[in-house]
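Single-structure report; data block below.
Numbering (the numbering used here), first residue to last: 1 to 296.
See below:
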């Protein structure tokens, strides 16, 4: 069972959180509350944060095996999924971090493990640095700490313009993002499925559930800056995971582990940037032992 819980984020924005379990449920260390934010949580929970353009449902596979033993909640971040899409001026790093902070507190998840992919991983480690009392452990999935620069942002602007929207069918979505997209080096079925999940049907065809302009604004808030200093402030155990063919290189990943006071490293072969989506079983093998250690 998956149930939706509304959360009030920064500036009163409505966020959709998704709990993957049948509440109430007993877990290791105690009995959890109702999940409405009014009860205390004896056993630590897990908050899953998707990347730019993603949505909570992208964590479904991970959340289901987590829910066998822990309380797993995935958040649709502002501008994504079924959460509200406020004006572009509210797409700041501070807003994303405050939203995640509010989710932890309102849902009674803390002290929690944060699992973040890409942008969600940056949000997770910025929150861990800011509020160590709320974060028990951290998993960083394929997110760089280095600045990407203006050229990267221009490439993304051009990439959004290249999308042949509206798509006539979901099959067309899967084919374009899995095969025809110039950014695809070789056919990738899981990438096509990933983007099919963020499309909705309108009168003229299939379009993304987000506004590309808002995604660019969100990305602009971190792409020009490096985030090593914040990473060094994370005190909880942290696992850095990269896909062998992802965007986070091995050398940078290992440097991130060195900078972290309590860092560990894992990589997943035959996986690109969408590590947990490309290779869900190998992702579990890489992450589960760390979670068992932190959540025991």
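For every residue, glycine included, the Cβ atom is placed at its ideal position computed from N, Cα and C.
If you run the structure through DSSP and keep just helix, strand and coil, what is residue 96?
-> In the structure shown, residue 96 sits in a helix (DSSP, three-state: H, G or I).
Any chance the CB of residue 57 is under 6 Å from a heavy atom of the ligand NAP?
-> Questions concerning the ligand NAP fall outside what the structure shown contains, since it holds no ligand whatsoever.
So residue 69 and residue 21 are in contact, right, with Cβ under 8 Å, and what is the actual spacing, rounded?
-> Contact flag wrong, Cβ pair sits at about 10 Å.
Which two residues bound the contiguous beta strand (DSSP E) that contains residue 238?
-> Counting along the chain, the unbroken beta strand (DSSP E) around residue 238 starts and ends at 238-243.
Exposure label - residue 19; buried when at least 16 CB within 10 Å = Burial call: buried.
Using DSSP bridges, identify the partner residues of residue 3.
-> Beta-bridge pairing links residue 3 to 19.
Cβ shell of residue 63 (< 7 Å), same chain only, five flanking positions each side left out = Once the five neighbours on either side are set aside, the close Cβ partners of residue 63 are 20, 48, 72, 74.
Element boundaries [beta strand (DSSP E), containing residue 114] = Unbroken beta strand (DSSP E) run through residue 114: 112-117.
Give the C-beta separation of residue 95 and residue 104 to the nearest angstrom, bearing in mind that I take them to be a contact with Cβ-Cβ under 8 Å.
-> Their Cβ separation, rounded to whole angstroms, is 15 Å, which puts residue 95 and residue 104 out of contact at 8 Å.
Can you name, in chain order, every residue of its own chain whose Cβ lies under 8 Å from the Cβ of residue 292, other than the five neighbours on each side?
-> There are no such residues.
Helix, strand or coil: how does DSSP classify residue 204 here?
-> Of the three classes helix, strand and coil, the one that applies to residue 204 here is coil, per DSSP.
Quick one, which of 77, 137, 17 has its alpha-carbon nearest residue 234's?
-> The shortest Cα separation from residue 234 among 77, 137, 17 belongs to 137.
Closer than 6 Å by C-beta to residue 209: which residues in its own chain qualify, once you throw out the five before and the five after it? Chain order, please.
-> Correct list, in chain order: 198, 200.
Opening and closing residue of the alpha helix (DSSP H) in which residue 265 lies = Looking at the DSSP string, residue 265 is not in any alpha helix (DSSP H); the run it does join, the beta strand (DSSP E), is 263-268.
Just mark residue 78 as buried or exposed, buried being the case when its beta carbon has 16 or more other beta carbons within 10 Å.
-> It counts as buried.
Check whether the segment 164-173 touches the segment 144-151, counting contact only when three or more Cβ pairs, one atom from each stretch, lie closer than 8 Å.
-> Short answer: they don't touch.
Could you pull the start and end residues of the alpha helix (DSSP H) that residue 171 belongs to?
-> Counting along the chain, the unbroken alpha helix (DSSP H) around residue 171 starts and ends at 170-175.
Given a cut-off of 7 Å, decide if residue 15 and residue 133 are closer than it, judged by their beta-carbon atoms.
-> The answer is no: Cβ separation not under 7 Å.
Secondary structure at residue 198, three-state DSSP: helix, strand or coil?
-> Coil.
Just confirm the distance between the C-beta atoms of residue 239 and residue 290, as a whole number of angstroms; I'd bet it's less than 8 Å.
-> That belief holds up - the Cβ atoms of residue 239 and residue 290 are roughly 4 Å apart, short of 8 Å.
Counting only the same chain and skipping the five closest in sequence on each side, list residues whose C-beta sits under 6 Å from that of residue 83.
-> Excluding residues within five positions, the ones whose Cβ falls inside 6 Å are 15, 16, 76.
Between the CA atoms of residue 274 and residue 53 - distance to the nearest angstrom | Straight-line Cα distance between these residues: approximately 12 Å.
Residue 5 versus 58, 108, 89, 97, residue with shortest Cα-Cα distance | With distances taken between CA atoms, residue 5 lies nearest to 108 out of 58, 108, 89, 97.
Terminal residues of the continuous alpha helix (DSSP H) containing residue 109?
-> Per DSSP, residue 109 is not a residue of any alpha helix (DSSP H), being assigned neither H nor E.
Among 261, 222, 13, 296, which one has its Cα closest to the Cα of residue 153?
-> The alpha carbon of residue 153 has as its nearest neighbour, out of 261, 222, 13, 296, the alpha carbon of 222.
Starting from residue 139, trace the beta strand (DSSP E) both ways and give me its first and last residue.
-> From DSSP, the beta strand (DSSP E) with residue 139 extends over 135-141.
According to DSSP, residues forming a beta bridge with residue 45 | Residue pairing by DSSP puts residue 45 in a beta bridge opposite 71.
Neighbourhood of residue 218 by C-beta, 8 Å cutoff - its chain only, sequence neighbours within 5 removed | Taking residue 218 as the centre and dropping the five residues before and after it, the same chain places the C-beta of 52, 79, 91, 96, 119 closer than 8 Å to its C-beta, in chain order.
To the nearest angstrom, how far is it from the Cα of residue 286 to the Cα of residue 141?
-> One Cα belongs to residue 286, the other to residue 141, and the distance between them is close to 11 Å.
At what residues does the alpha helix (DSSP H) containing residue 233 begin and finish?
-> Counting along the chain, residue 233 falls outside any alpha helix (DSSP H), and DSSP gives it neither H nor E.
Would a C-beta distance cut-off of 7 Å place residue 231 and residue 269 closer than the cut-off?
-> Residue 231 places its beta carbon 7 Å or farther from that of residue 269.
Can you check whether the CB of residue 277 is closer than 7 Å to the CB of residue 177?
-> No, Cβ-Cβ distance for residue 177 and residue 277 is not below 7 Å.
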